[in-house]
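Take the sequence shown: its position 190, counted from the start at 1, is 189 in numbering that gives the first Met the number 0, and no numbers get skipped. Quick reminder that beta carbons are idealized off the backbone N, C-alpha and C, glycines included. One structure is given here, and the rest of the page talks about it.
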Amino acid sequence: MTVIVDPGDDLVHTRAALAAHDPLAGRITVHPTPGTDSTLALAHDVLAALGKPVPVAGYRGHDTGPAWALAAAWILATGTTHLLLLRAHFLTQPRLDALLLLRRRTGLRLTLVVHTSRLPAGVDRILSGVRHHFADATALLPAADSPSAADCPLPRPLANRWIALPALTTLLAFDEPTCPCRCSAPLAPDRDFFPPVIPQTTQAEVAWRLHRATAHPHLAAQLATAVFTAEASP
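The following block contains the structure:
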């Protein structure tokens, strides 16, 4: 684990850290929600950095486990290898423990940015039991270059528009009378079904929306499978 020391809380270094955020290259920068030391809030910050909608519905409000499990699942699924956390001088023991567990689950390289001249006593005590090394912000967070045209996101022609997709074909399973435990699905040609042809522009827009529609990886995978195969389970 690397601890970057930014003694002057220099805006240049914060901008450089934010500019380093590149999920497609496996790097995310997490800027924690201010004014809270909630472990759940930090999990939501990580999910948000991964491009997922938060808060996550369907779980008890104070249950932190599911949110961190979802974050780990998406980190592994997207090939994320580096996590840089700003404002690390506000870390509490539970939050650092959650980050270390996330690192163990995923193999992340974890970098903490401390915007003070010296570590607060509480953070110093927390880090004392964790193997880490210090680095200077000037060396690792140089001034960020101005964004070029190549860095700008590509336009989305189908943004905010309804998308026509092939109708879903229900996939049925039939139990054989002689062996109820064996199931077989009908073959596609038997149903006059052929995989749908989806234009590349539509594929890109659907993938963009799926990526940001849910924080639940299983649901996202099921939706993606249904969209691109036009097949649904009963």
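For A42, the three-state secondary structure derived from DSSP is helix. Judged by DSSP secondary structure, I3 falls within the beta strand (DSSP E) whose first and last residues are T1 to V4.
Measuring C-alpha to C-alpha distances from L84 to each of G106, A68, H114 and A24 identifies H114 as the nearest. In terms of Cβ geometry, D44 and P31 form a close pair [threshold 9 Å]. Note that the C-beta distance between L139 and T13 is not below 9 Å. Around H210, the same chain offers G50 as residues with beta carbons nearer than 7 Å, after the five sequence neighbours per side are excluded. Selection D5, G57, P154 and A40 evaluated against H215 yields G57 as nearest (Cα-Cα).
DSSP places I125 in the uninterrupted alpha helix (DSSP H) bounded by A120 to L126. The beta carbon of G78 is closer than 8 Å to those of G25 in its chain, skipping five residues each way along the sequence. Between A206 and P119, the alpha-carbon positions lie close to 43 Å from each other.
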